[in-house]
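Asker:
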Amino acid sequence: MAAMNRPLPPSALLLGAAGLIPFLGLAAASALGFGWAPSALAAYGAAILAFLGAVHWGLALRAPDSESGAELPRLALGVLPSLIAWVALLLPLRPGLALLAVAILATSAAEAAAAARGLVPPAYMRLRWALSIGAATSLGLGALLA
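Residue 21 in this note's numbering sits at position 25 of the sequence shown, and the numbers go up by one each step.
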């Protein structure tokens, strides 16, 4: 449990913030009329959404025996984002981008529920909400412009 209360390393904060650069840049490129940008934004958003699920596989595999019973929800949260990302890429561009925006926020909400049970580090959640809002805003803008 002590590991759950540690602050995030500075590199996690820096790399997390750097992960917003493609979202912001591709949303700006979409706004400037670059025709390839919304597709690139969808591809990056899908990759990031799939990555978010992987966090929960790691947490489930490292969980102490005292958290028995939490494996299935954690593993489901690990798999669902990648499946949703895949579906989003199969959709036409506008609804696909919108689905990615909603799914990134929904994943954060599910993680917040897990954090309330002590299953996700609080410092991670603070970073996740900031990054998720930036990503979802960029994806939403891309959906409007697609």
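Note that the Cβ used here is the ideal one computed from N, Cα and C, for glycine as well.
If we count the other Cβ atoms within 10 Å of its Cβ and call it buried at 16 or more, is GLY49 buried or exposed?
Answerer: Answer is buried; the Cβ neighbour count reaches 16.
Asker: Which ranges would you report for the alpha helix (DSSP H) in the region 6 to 74 if only whole runs of at least 4 residues count?
Answerer: Those alpha helix (DSSP H) runs which fall completely within the region 6 to 74 and span 4+ residues are 6 to 14, 16 to 27 and 33 to 58.
Asker: Shorter than 6 angstroms, the distance from the beta carbon of ALA33 to the closest heavy atom of the ligand MG, or not?
Answerer: No copy of the ligand MG appears in this structure; indeed no ligand is present at all.
Asker: Buried or exposed for MET(-3), going by 16 or more other Cβ atoms inside 10 Å?
Answerer: Model confidence at MET(-3) stands at a pLDDT of 48, short of 50, so the residue's coordinates are unreliable; what they give is reported in the following sentence. The residue in question, MET(-3), is exposed, as its Cβ has fewer than 16 Cβ neighbours within 10 Å.
Asker: Would LEU45 pass as a contact of PRO77 if the rule is Cβ separation under 7 angstroms?
Answerer: For LEU45 and PRO77, yes; Cβs fall inside 7 angstroms.
Asker: Quick one: measure Cβ to Cβ for LEU123 and GLY12, integer angstroms, because I've assumed they're closer than 8 angstroms.
Answerer: Confirmed, about 5 angstroms.
Asker: Under a three-way DSSP split, which group does VAL83 fall into?
Answerer: Helix at VAL83.
Asker: So the alpha helix (DSSP H) ALA105 belongs to, where does it begin and stop?
Answerer: Residues 89 to 112.
Asker: Should ALA33 and ALA42 be called a contact, given that it needs their Cβ atoms to be closer than 7 angstroms?
Answerer: No, Cβ-Cβ distance for ALA33 and ALA42 is not below 7 angstroms.
Asker: Contact check, GLY138 vs LEU93 under 8 angstroms by CB: the rounded distance?
Answerer: Right, the Cβ-Cβ distance comes to about 5 angstroms (below 8 angstroms), so this counts as a contact.
Asker: Taking all protein chains shown into account, do 16 or more other C-beta atoms lie within 10 angstroms of the C-beta of SER7, making it buried, or fewer, making it exposed?
Answerer: The residue in question, SER7, is exposed, as its Cβ has fewer than 16 Cβ neighbours within 10 Å.
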